[in-house]
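A short worksheet on the structure shown next.
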Amino acid sequence: MIFALWLRARRWGLLLLPVAMAAAMMAGGAHGLIPAELGIAVLAIVFAPKLAARLVPFGVLGLAVFGVHLARTYRDGNTSQVQYLFVHAGPGAWGFWPVLAEAGVLFAAGLWLLSRLDAPLVRALAGQWLDRRRGGISAIHGLLLIPVVVLSMQLLGPHAWFGREVAGLDVLLVDLAVATAALALIFRSRAWAATVAVAGLLVLGAYGWLIAVFWPAVPGFAYGFSDLSNNSVPAPLWSDALQGSVLLALGLWLTPRVMRHHLAGAPDPELAARARQLTQRVQTLTKTRHDAVDTAAAELRRIERDLHDGAQARLVALGMSLQAAERLFPVNPQAALALVTEAKETSSRALADLRELVRGIYPPVLADRGLADAVRALALDTPLHTELDIDLPGPAAGGHAGPAGTIDMPVAAAVYFAIAEALANAVRHSGARTVRIHLHHAAGALRAQVTDDGAGGADPAAGTGLAGVERRLATFDGILAVSSPPGGPTIVAIEVPCASSSAKTSSC
Amino acid sequence: MRIVIGEDLFLLREGLVKLLSAHGFEIVAAVATAPELLAALVDQRPDVGIVDVRLPPTHTDDGLRAALQARAEVPGLPVLVLSQYVEQLYARELLADQAGGVGYLLKDRVFNDDQFTGAIRTVAAGGTVLDPEVIRKLLDRHSRAEPLTRLTPREREVLALMAEGRSNAAIAQRLFITEKAVSKNAAGIFAKLDLAPSDDDNRRVLAVLAYLES
Numbered sequence: 008m009i010f011a012l013w014l015r016a017r018r019w020g021l022l023l024l025p026v027a028m029a030a031a032m033m034a035g036g037a038h039g040l041i042p043a044e045l046g047i048a049v050l051a052i053v054f055a056p057k058l059a060a061r062l063v064p065f066g067v068l069g070l071a072v073f074g075v076h077l078a079r080t081y082r083d084g085n086t087s088q089v090q091y092l093f094v095h096a097g098p099g100a101w102g103f104w105p106v107l108a109e110a111g112v113l114f115a116a117g118l119w120l121l122s123r124l125d126a127p128l129v130r131a132l133a134g135q136w137l138d139r140r141r142g143g144i145s146a147i148h149g150l151l152l153i154p155v156v157v158l159s160m161q162l163l164g165p166h167a168w169f170g171r172e173v174a175g176l177d178v179l180l181v182d183l184a185v186a187t188a189a190l191a192l193i194f195r196s197r198a199w200a201a202t203v204a205v206a207g208l209l210v211l212g213a214y215g216w217l218i219a220v221f222w223p224a225v226p227g228f229a230y231g232f233s234d235l236s237n238n239s240v241p242a243p244l245w246s247d248a249l250q251g252s253v254l255l256a257l258g259l260w261l262t263p264r265v266m267r268h269h270l271a272g273a274p275d276p277e278l279a280a281r282a283r284q285l286t287q288r289v290q291t292l293t294k295t296r297h298d299a300v301d302t303a304a305a306e307l308r309r310i311e312r313d314l315h316d317g318a319q320a321r322l323v324a325l326g327m328s329l330q331a332a333e334r335l336f337p338v339n340p341q342a343a344l345a346l347v348t349e350a351k352e353t354s355s356r357a358l359a360d361l362r363e364l365v366r367g368i369y370p371p372v373l374a375d376r377g378l379a380d381a382v383r384a385l386a387l388d389t390p391l392h393t394e395l396d397i398d399l400p401g402p403a404a405g406g407h408a409g410p411a412g413t414i415d416m417p418v419a420a421a422v423y424f425a426i427a428e429a430l431a432n433a434v435r436h437s438g439a440r441t442v443r444i445h446l447h448h449a450a451g452a453l454r455a456q457v458t459d460d461g462a463g464g465a466d467p468a469a470g471t472g473l474a475g476v477e478r479r480l481a482t483f484d485g486i487l488a489v490s491s492p493p494g495g496p497t498i499v500a501i502e503v504p505c506a507s508s509s510a511k512t513s514s515c
Numbered sequence: 012m013r014i015v016i017g018e019d020l021f022l023l024r025e026g027l028v029k030l031l032s033a034h035g036f037e038i039v040a041a042v043a044t045a046p047e048l049l050a051a052l053v054d055q056r057p058d059v060g061i062v063d064v065r066l067p068p069t070h071t072d073d074g075l076r077a078a079l080q081a082r083a084e085v086p087g088l089p090v091l092v093l094s095q096y097v098e099q100l101y102a103r104e105l106l107a108d109q110a111g112g113v114g115y116l117l118k119d120r121v122f123n124d125d126q127f128t129g130a131i132r133t134v135a136a137g138g139t140v141l142d143p144e145v146i147r148k149l150l151d152r153h154s155r156a157e158p159l160t161r162l163t164p165r166e167r168e169v170l171a172l173m174a175e176g177r178s179n180a181a182i183a184q185r186l187f188i189t190e191k192a193v194s195k196n197a198a199g200i201f202a203k204l205d206l207a208p209s210d211d212d213n214r215r216v217l218a219v220l221a222y223l224e225s
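Line by line, the protein sequences give chains X and C.
One gets my numbering by counting positions in the first sequence from 1 and adding 7 to each.
One gets my numbering by counting positions in the second sequence from 1 and adding 11 to each.
Next up, the structure:
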């Protein structure tokens with residue numbers, strides 16, 4: 008158990024053992040180094056397990072670099088057998104490939120281990136690299152195309168391409184054309200100049216490393232500042248590697264800026280469409296919110312006025328009647344009694360006023376029974392023959408149900424008043440005998456339709472009633488349409504979407 | 012006469028208790044919620060249950076539902092439903108069982124205690140009492156219908172009062188005419204509307220309502 012825990016805590020650190028052993032073997036075989044290194048590794052694992060774990064990826068990467076070095080020295084003429092971990096390179100033109108392949112595998116493994124064991128470090132580096140996206144592309148970045156073009160021409164032009172002579176080109180003409188194109192690009196579009204420069208820097212930088220490893224001893228070959236034409240003795244070309252590194256670094260430094268520029272400069276058509284949609288949505292919401300606020304304010308004003316002129320005034324009158332009755336009782340009980348009777352009637356009228364007011368705010372039957380029964384009650388109060396076709400979800404459709412069923416109360420109220428207005432219009436203007444009310448909930452929308460058999464020819468723009476209803480419905484993305492050809496029938500159609508996704512303003 | 016009261020507002024509940032006690036009614040239970048009301052109606056079997064439409068727990072139409080439920084369990088149990096507002100829809104539901112003993116009035120009808128106690132007695136006796144507001148709406152609905160337009164203004168008044176559930180005597184008193192004149196008007200109405208005449212007050216109300224609701 009304890010051993011298992013120990014293993015768990017140091018399982019990555021344990022990898023240091025084989026790494027250390029391999030490193031010792033590479034360094035000199037059995038010269039007493041192996042026990043020493045292994046001892047150090049064991050000490051590190053036991054006493055500094057975290058440090059041991061962090062050392063593992065670097066050890067693996069070191070082995071990979073050593074493999075590349077091995078492959079290179081072999082390519083340079085070392086004909087003796089080379090043992091490199093699990094493979095060994097034999098004589099022959101391509102004998103060093105197994106070593107290189109294994110070095111590649113080790114390199115990948117080292118990088119993976121690094122990302123695994125040193126995540127904060129990797130994240131910090133990657134994050135810093137990505138953060139450069141904040142910068143833009145300037146003229147300087149475009150100018151980097153010049154060294155890229157010069158170096159490319161040096162490599163491609165009069166000299167050699169990886170050891171082969173390039174012949175049959177009119178060198179001067181090509182140089183001129185390429186230089187002109189590069190300059191035109193720098194002046195026309197520094198973004199594209201920078202983009203090409205990035206590609207060139209990365210490719211040429213990688214190429215520098217390639218020739219540092221596999222130096223082709225070709226007369227007249229040159230890479231940047233290292234002229235190899237007079238060099239007859241194969242030797243490590245660290246200047247190539249250095250130049251390659253500089254180019255690679257420049258390329259990597261510039262890549263995020265270029266990426267960012269192209270991402271910003273050529274927006275995703277999907278994103279653009281979404282942006283347009285959202286802009287439209289914001290406009291609609293701004294308007295409907297404005298309308299909703301206006302409507303609510305007007306409604307409050309109306310309620311205040313109704314209370315002031317109605318119930319409040321009647322209660323004042325009631326108080327005055329009772330006051331007068333109180334005074335009259337001793338002297339003229341008959342008259343006092345008449346005043347009390349009057350006071351009772353006044354209080355009845357105050358109640359009637361309040362009932363009417365409440366009905367206009369939120370009809371009690373709608374609060375009690377929900378939309379379906381409220382519309383049934385509305386139909387009963389309409390002095391026309393009514394036909395109902397109601398199909399709403401939930402218990403609200405069948406008699407005794409909770410308030411508003413599954414439909415949001417504000418939506419229910421808006422639809423209720425829309426139907427009430429349509430019915431009132433049918434009664435007032437159309438001369439209809441029968442009116443049909445459809446109320447359905449289907450396909451994510453609440454739909455209502457009020458059809459009368461009247462004379463038609465109604466102008467929806469004429470009255471303020473339907474316009475108000477339309478504004479009220481718009482708050483819920485609802486719409487109202489009126490069809491009223493001369494001769495009828497008049498159809499008022501209402502639809503409120505029951506949004507289920509992002510742009511939700513109501514549920515129904 | 013034994014009465015159960017279901018009203019959630021304390022002031023109104025106490026007011027009703029005082030008013031009805033003063034008129035010699037016996038209040039056997041005065042409760043504030045629909046479940047209590049249902050239990051009181053079923054257990055006490057009062058002569059009349061006076062019920063507010065809107066009661067706890069949901070503060071919607073719990074009182075009405077309790078009354079309907081009680082009448083389902085005890086057929087014909089007289090209930091007088093009171094409300095701040097009247098709906099034909101609720102009137103229909105109350106009348107649906109045809110059993111009589113139903114009243115449906117606005118709360119402010121309580122102000123006229125003679126009318127109110129009269130309504131209680133009518134309901135207790137198995138009669139039907141509907142608020143003039145309900146009848147007004149009912150008549151409005153049929154105001155354009157052909158047979159009603161043939162009624163004289165006086166006959167329309169009598170029809171409305173008959174629909175409210177008033178007896179000939181009450182109608183006569185209300186309209187300051189003789190009972191005989193009321194009978195004559197009633198006969199005229201029944202003839203014009205093609206209804207079978209009936210002397211029984213409750214049957215007469217139901218016939219008139221059935222006609223108006225058709």
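Heads up, the beta-carbon is just placed ideally off N, CA and C, and yes, glycines get one too.
What separation, rounded to the nearest whole angstrom, lies between the Cα atoms of X:P226 and X:A116? The residue given as residue 226 of chain X occupies position 219 in the first sequence. The residue given as residue 116 of chain X occupies position 109 in the first sequence. Its pLDDT being 49, under 50, X:P226 is placed unreliably by the model, and nothing is read from it.
Between which two residues does the alpha helix (DSSP H) carrying C:Y115 extend? In the second sequence, counting from the first residue as 1, residue 115 of chain C sits at position 104. Not the alpha helix (DSSP H): C:Y115 falls in the beta strand (DSSP E), residues V113 to L117.
Do X:L391 and X:A433 come within 9 angstroms of each other at the CB atom, strictly closer than that value? Taking the first residue of the first sequence as 1, we reach residue 433 of chain X at position 426. Taking the first residue of the first sequence as 1, we reach residue 391 of chain X at position 384. Closer than 9 angstroms, so yes.
Is the beta carbon of X:R376 less than 9 angstroms from the beta carbon of C:T71? Taking the first sequence and counting its residues from 1, the one referred to as residue 376 of chain X is at position 369. Taking the second sequence and counting its residues from 1, the one referred to as residue 71 of chain C is at position 60. Yes.
Check the C-beta distance from X:L23 over to X:A59 and give it rounded, since I have them as a contact under 8 angstroms. Counted from its first residue, the first sequence places residue 23 of chain X at position 16. Counted from its first residue, the first sequence places residue 59 of chain X at position 52. Confirmed, Cβ separation roughly 5 angstroms.
What residues in its chain sit with their C-beta under 6 angstroms from that of X:G405, if we drop five residues either side in the sequence? Within the first sequence, the letter at position 398 stands for residue 405 of chain X. Any reading at X:G405 must be qualified, since the residue scores a pLDDT of 41, below 50, and its modelled position is unreliable; no value is offered.
Can you give me the C-alpha to C-alpha distance between X:Y423 and X:D313, rounded to a whole angstrom? Translated into positions along the first sequence, residue 423 of chain X becomes position 416. Translated into positions along the first sequence, residue 313 of chain X becomes position 306. Going by the C-alpha atoms only, they are around 22 angstroms apart.
Does the Cβ of C:V62 have 16 or more other Cβ atoms within 10 Å, making it buried, or fewer, making it exposed? The residue given as residue 62 of chain C occupies position 51 in the second sequence. By the neighbour-count criterion, in which 16 or more other beta carbons inside 10 Å mark a residue as buried, C:V62 falls on the buried side.
For C:Y96, go through chain X and note every residue whose CB falls closer than 9 angstroms to its CB, in chain order. Stepping through the second sequence from its first residue, residue 96 of chain C is reached at position 85. The answer, in chain order, is R362, V365, R366, P370, P371 and V372.
Name, please, each residue of chain C whose Cβ falls closer than 7 angstroms to the Cβ of X:L358. To locate residue 358 of chain X, count along the first sequence from 1; it is residue 351. The answer, in chain order, is D119.
Enumerate in chain order the residues of its own chain whose CB-to-CB distance from C:G1 is below 6 angstroms, with the five nearest sequence positions on each side excluded. Since the first residue shown for chain C is 12 and the last is 225, residue 1 of chain C is missing from the structure and cannot be characterised.
Indicate the three-state DSSP secondary structure (helix, strand or coil) for X:P371 in the structure shown. Locating residue 371 of chain X in the first sequence gives position 364, counting from the first residue. The answer is helix: DSSP assigns X:P371 an H, G or I state.
Considering only the beta carbon of each residue, do C:L220 and C:L149 sit closer than 9 angstroms? Taking the second sequence and counting its residues from 1, one reaches residue 220 of chain C at position 209. Taking the second sequence and counting its residues from 1, one reaches residue 149 of chain C at position 138. Annotated as proximal: C:L220 and C:L149, with beta-carbon spacing under 9 angstroms.
Using the rule of at least 16 other Cβ atoms within 10 Å of the residue's Cβ for burial, across every protein chain shown, is C:N196 buried or exposed? The sequence position of residue 196 of chain C within the second sequence is 185, counting from 1. Classification of C:N196: buried, given that the 10 Å Cβ count is 16 or more.
For my contact list, C:E175 and C:P143 are in at a C-beta cut-off of 8 angstroms; report their separation, rounded to the angstrom. Taking the second sequence and counting its residues from 1, the one referred to as residue 175 of chain C is at position 164. Taking the second sequence and counting its residues from 1, the one referred to as residue 143 of chain C is at position 132. Contact between C:E175 and C:P143 is confirmed by a C-beta separation of about 6 angstroms, below the 8 angstroms threshold.
Considering only their Cβ atoms, is the gap separating X:I486 from X:I498 smaller than 9 angstroms? Position 491 of the first sequence, counting from 1, holds the residue named residue 498 of chain X. Position 479 of the first sequence, counting from 1, holds the residue named residue 486 of chain X. In this structure, X:I486 does not lie closer than 9 angstroms to X:I498 by Cβ.
What does the alpha-carbon distance come out to for the pair X:P105 and X:R281? Here residue 105 of chain X corresponds to residue number 98 of the first sequence, with the count starting at 1. Here residue 281 of chain X corresponds to residue number 274 of the first sequence, with the count starting at 1. Here the alpha carbon of X:P105 sits roughly 53 angstroms from the alpha carbon of X:R281.
Cα-Cα separation, X:T471 to X:R478: The residue labelled residue 471 of chain X in the question sits at position 464 within the first sequence. The residue labelled residue 478 of chain X in the question sits at position 471 within the first sequence. Going from the Cα of X:T471 to the Cα of X:R478 covers about 11 angstroms.
In or out: X:Q290 buried (at least 16 other Cβ within 10 Å) or exposed? Position 283 of the first sequence, counting from 1, holds the residue named residue 290 of chain X. Exposed: under 16 other Cβ atoms inside 10 Å.
Give me the DSSP bridge partner(s) of C:L20. As a working note, residue 20 of chain C is residue 9 in the second sequence. C:L20 is not bridged to any residue.
Can you name the residues of chain C whose CB is closer than 7 angstroms to the CB of X:S355? To locate residue 355 of chain X, count along the first sequence from 1; it is residue 348. Per Cβ cutoff of 7 angstroms: D119 and F122.
Taking X:S122 as part of the alpha helix (DSSP H), name the residues at either end of that continuous run. Counted from its first residue, the first sequence places residue 122 of chain X at position 115. That run of the alpha helix (DSSP H) goes W104 to L124.
X:Y91 to X:V53, Cα distance in whole Å? For the purposes of this step, residue 91 of chain X is identified with residue 84 of the first sequence, where counting begins at 1. For the purposes of this step, residue 53 of chain X is identified with residue 46 of the first sequence, where counting begins at 1. Spanning the two alpha carbons is a distance of roughly 29 angstroms.
Where the beta strand (DSSP E) containing X:P504 begins and where it ends: Translated into the one-based positions of the first sequence, residue 504 of chain X becomes position 497. Element bounds for X:P504: T497 to P504.
Could you tell me how far apart the beta carbons of X:G66 and X:V26 are, in whole angstroms, since I believe they sit closer than 8 angstroms? For the purposes of this step, residue 66 of chain X is taken as the residue at position 59 of the first sequence. For the purposes of this step, residue 26 of chain X is taken as the residue at position 19 of the first sequence. Rounded, the Cβ-Cβ distance is 4 angstroms, consistent with contact.
Using C-beta distances below 8 angstroms, list every residue in its chain close to C:K29, excluding the 5 sequence neighbours before and after it, in chain order. Sequence index remark: in the second sequence, residue 29 of chain C carries index 18 (1-based). Within the same chain, C:K29 has no close Cβ partners at all.
Of all the residues that make up the region 481-499 of chain X, which are near chain C by a beta-carbon distance shorter than 9 angstroms? So the list is empty, because no residue satisfies the distance condition.
Taking the alpha helix (DSSP H) that C:V219 belongs to, which residues open and close that run? As a working note, residue 219 of chain C is residue 208 in the second sequence. Taken as a continuous stretch (DSSP letters only), the alpha helix (DSSP H) holding C:V219 covers D212 to E224.
According to DSSP, which residues form a beta bridge with X:T516? Residue numbering for chain X in the displayed model covers 8 to 515; residue 516 of chain X lies beyond these limits and cannot be assessed.
Rounded to whole angstroms, how far is the Cβ of C:D89 from the Cβ of C:D58, which I believe are closer than 8 angstroms? Position 78 of the second sequence, counted from the start, is the residue given in the question as residue 89 of chain C. Position 47 of the second sequence, counted from the start, is the residue given in the question as residue 58 of chain C. Before going on, a small fix: residue 89 of chain C reads as Pro here, not Asp. 7 angstroms between Cβ atoms; contact.
How do the region 247-266 of chain X and the region 198-217 of chain X stand: do at least 3 beta-carbon pairs fall below 8 angstroms, yes or no? In short, these stretches touch, since the Cβ pair count reaches three.
How would you label X:W19, buried or exposed, when you count the other beta carbons within 10 angstroms and need 16 or more for buried? Within the first sequence, residue 19 of chain X is the residue found at index 12, counting from 1. Burial is judged here by how many other beta carbons sit within 10 angstroms of a residue's own beta carbon; X:W19 has at least 16 and is buried.
For X:D125 and X:K57, the rounded distance between their alpha carbons: In the first sequence, counting from the first residue as 1, residue 57 of chain X sits at position 50. In the first sequence, counting from the first residue as 1, residue 125 of chain X sits at position 118. Answer to the nearest angstrom: the Cα atoms are 10 angstroms apart.
Starting from C:V169 and walking both ways along the alpha helix (DSSP H), at which residues does that stretch end? As a first step, residue 169 of chain C must be located in the second sequence, where it is residue number 158. Counting along the chain, the alpha helix (DSSP H) containing C:V169 begins and ends at P164 to E175.
Under the rule that 16 or more other beta-carbon atoms within 10 Å means buried, what is X:N339, buried or exposed? Locating residue 339 of chain X in the first sequence gives position 332, counting from the first residue. Exposed, because fewer than 16 other Cβ atoms sit within 10 Å of the Cβ of X:N339.
Taking 8 angstroms as the threshold, find out whether the region 445-462 of chain X comes into contact with the region 19-37 of chain C through three or more Cβ pairs. Flag = no, the region 445-462 of chain X and the region 19-37 of chain C do not touch.
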